[in-house]
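Have a look at the structure below before the remarks.
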Amino acid sequence: MAREAVPPEIARHAPLAPMYAHRFPLGAAVEPRHLEGADGHLLAWHFNAVVAENAMKPPRLQPAEGRFDFAAADRIVAFAEERGMTIRGHTLLWHEETPDWFWRAPGGGPASGHLVLERLRAHILAVVGRYRGRVHAWDVVNEVVDPAAPGCLRNDRWLQVVGPRYVEAAFRYAHEADPGARLFVNDFETTQPAKRDCLLGLVRDLRARGVPVHGMGHQMHVDVDRPSAREVDGTLAAFAALGLDNHVTELDMSLGPAPRRAPGDETALLARQAARYGEFFRVFAARPDVKAVTLWGLSDADTWLIRGARQGSGDKPLLFDANRQPKAAYREVAGAAR
Ligand code: G3I
11 MAREAVPPEI
21 ARHAPLAPMY
31 AHRFPLGAAV
41 EPRHLEGADG
51 HLLAWHFNAV
61 VAENAMKPPR
71 LQPAEGRFDF
81 AAADRIVAFA
91 EERGMTIRGH
101 TLLWHEETPD
111 WFWRAPGGGP
121 ASGHLVLERL
131 RAHILAVVGR
141 YRGRVHAWDV
151 VNEVVDPAAP
161 GCLRNDRWLQ
171 VVGPRYVEAA
181 FRYAHEADPG
191 ARLFVNDFET
201 TQPAKRDCLL
211 GLVRDLRARG
221 VPVHGMGHQM
231 HVDVDRPSAR
241 EVDGTLAAFA
251 ALGLDNHVTE
261 LDMSLGPAPR
271 RAPGDETALL
281 ARQAARYGEF
291 FRVFAARPDV
301 KAVTLWGLSD
311 ADTWLIRGAR
321 QGSGDKPLLF
331 DANRQPKAAY
341 REVAGAAR
């Protein structure tokens, strides 16, 4: 995006990131299209950190074995570097976003665990190596835990084909590619007690074996009811007690399922959302172990909660409305910085 003057409708509101600059970088998840026009201005004005919502996922970066496509990811990285923004990387391994070719042997049949690990190493060395010293933190593994599974690891193809060692392997490869990068386990519903205990057990075990894990990524796709700010604080404290950094990696706050929303409810829900955003940011600001906070999107004009199957949900989970104007939630987040 050309660095033209910031439009007055954006520049008249105080930028958020400087309010938290003494505490943590404030980021947003974006697609390349958000680097242009009003979204590009909103991003550069209010945020000093960025993550690719989809552009760094394995099927995007390596759609076929050995064929890498860094174009979209590079655009996001360039935008951030031109503006001195910090960059998180998302994600190196996720069962939902592993390209099919990972699982196929060259002859046709299923790939062995050994081959899958070789491919994982090649992928991680290429990706983390390309952005070495530029992406400061990686979500190395995403959503690997399932509290209902024996042993806590999700019963997915990674576990079935490679066995539990794939988690450790992913961290070791990432560290090999960039020894300076901070490496994270990333997951959702980290306040849920059984899930939290599984995650605590996983990182404790990895660290006991000398695996380079530096932090816990808490996605925090929350809603106007749950979880409470107190529960969030308790969860962050539990991970900090292990000596880990906490990153809030995918924060947004749904108004709740559309069928439950009667006409006229929205005003009250947006007020509740604003108050809760304020409470959450007070918790984040008060905890030195919270080292990054990222919103999962820029504005209510374009969020995963209104795309695809959720189209028509009318959800409004972010700090800026569909016209890129600050919501009450923005004002509460700004207020929480004081
Ligand atoms: O790029 C194609 C496009 O070419 C096609 O026309 C369109 C048709 O549906 O699909 C597009 O791809 C979609 C992509 O988002 C880009 O919009 C995929 O179908 C869709 O599955 C994908 O969803 C993403 C999802 O992760 C799965 O990767 C969401 O945008 C993204 O917000 C979401 O993010 C995840 C985090 O990575 C992990 N934590 C949960 C979070 C929310 O689900």
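Here this note's numbering is used: the first residue of the sequence shown is 11, the next is one more, and so on. Just so you know, even glycine gets a beta-carbon here, dropped at the ideal spot from N, CA and C.
{"Query": "Touching by the beta-carbon criterion (3+ pairs, under 8 Å), the region 309 to 329 and the region 255 to 266", "Result": "yes"}
{"Query": "Assumed close pair residue 130, residue 183 - CB separation to whole angstroms, cut-off 8 Å", "Result": "7 Å"}
{"Query": "Nearest neighbour of residue 69, chosen from 101, 61 and 41 [CA to CA]", "Result": "101"}
{"Query": "Cα-Cα separation between residue 39 and residue 29, rounded to whole angstroms", "Result": "19 Å"}
{"Query": "Three-state class that DSSP yields for residue 260 in the structure shown", "Result": "strand"}
{"Query": "Integer-rounded CB distance, given that residue 105 should sit under 8 Å from residue 164", "Result": "6 Å"}
{"Query": "Of the listed residues 161, 191, 44 and 210, nearest to residue 200 (C-alpha basis)", "Result": "210"}
{"Query": "8 Å contact criterion, which residue 123 and residue 173 should meet: CB distance rounded", "Result": "6 Å"}
{"Query": "Contact the region 106 to 117 vs the region 47 to 56: 3+ CB pairs below 8 Å", "Result": "no"}
{"Query": "Expected contact under 8 Å - CB spacing of residue 35 and residue 302 to nearest Å", "Result": "5 Å"}
{"Query": "Beta-ladder partner(s) of residue 104, from DSSP", "Result": "152"}
{"Query": "Three-state class that DSSP yields for residue 171 in the structure shown", "Result": "helix"}
{"Query": "Beta-carbon contacts of residue 339 that lie in its chain and below 6 Å, excluding the five residues immediately before and after", "Result": "283, 284, 287 and 329"}
{"Query": "Beta bridge counterpart(s) of residue 355 as assigned by DSSP", "Result": "For the chain, the structure presents residues 11 to 348; residue 355 sits outside this window and is missing."}
{"Query": "Continuous alpha helix (DSSP H) assignments of at least 4 residues falling wholly in the region 207 to 262", "Result": "239 to 250"}
{"Query": "Exposed unless 16 or more other CB atoms sit within 10 angstroms - verdict on residue 128", "Result": "exposed"}
{"Query": "Ligand 1 heavy atom lying under 7 Å from the CB of residue 318", "Result": "yes"}
{"Query": "For residue 95 and residue 58, believed in contact at Cβ under 8 Å, the rounded distance", "Result": "5 Å"}
{"Query": "Length of the line joining the Cα atoms of residue 88 and residue 15", "Result": "19 Å"}
{"Query": "Residues sharing a beta bridge with residue 197, DSSP", "Result": "228"}
{"Query": "Bridge-paired residues (DSSP) for residue 336", "Result": "330"}
{"Query": "Residue 194: CB within 7 Å of a non-hydrogen atom of ligand 1", "Result": "no"}
{"Query": "Check: residue 111 C-beta below 7 Å from any heavy atom of ligand 1", "Result": "no"}
{"Query": "Three-state secondary structure assigned by DSSP to residue 267", "Result": "coil"}
{"Query": "heavy atom of ligand 1 below 7 Å from residue 100 C-beta", "Result": "yes"}
{"Query": "Beta strand (DSSP E) runs wholly inside the region 41 to 87, at least 3 long, in chain order", "Result": "59 to 62"}
{"Query": "Coarse secondary structure for residue 26, derived from DSSP in three states", "Result": "coil"}
{"Query": "Closer than 7 Å: residue 67 CB and nearest ligand 1 heavy atom", "Result": "yes"}
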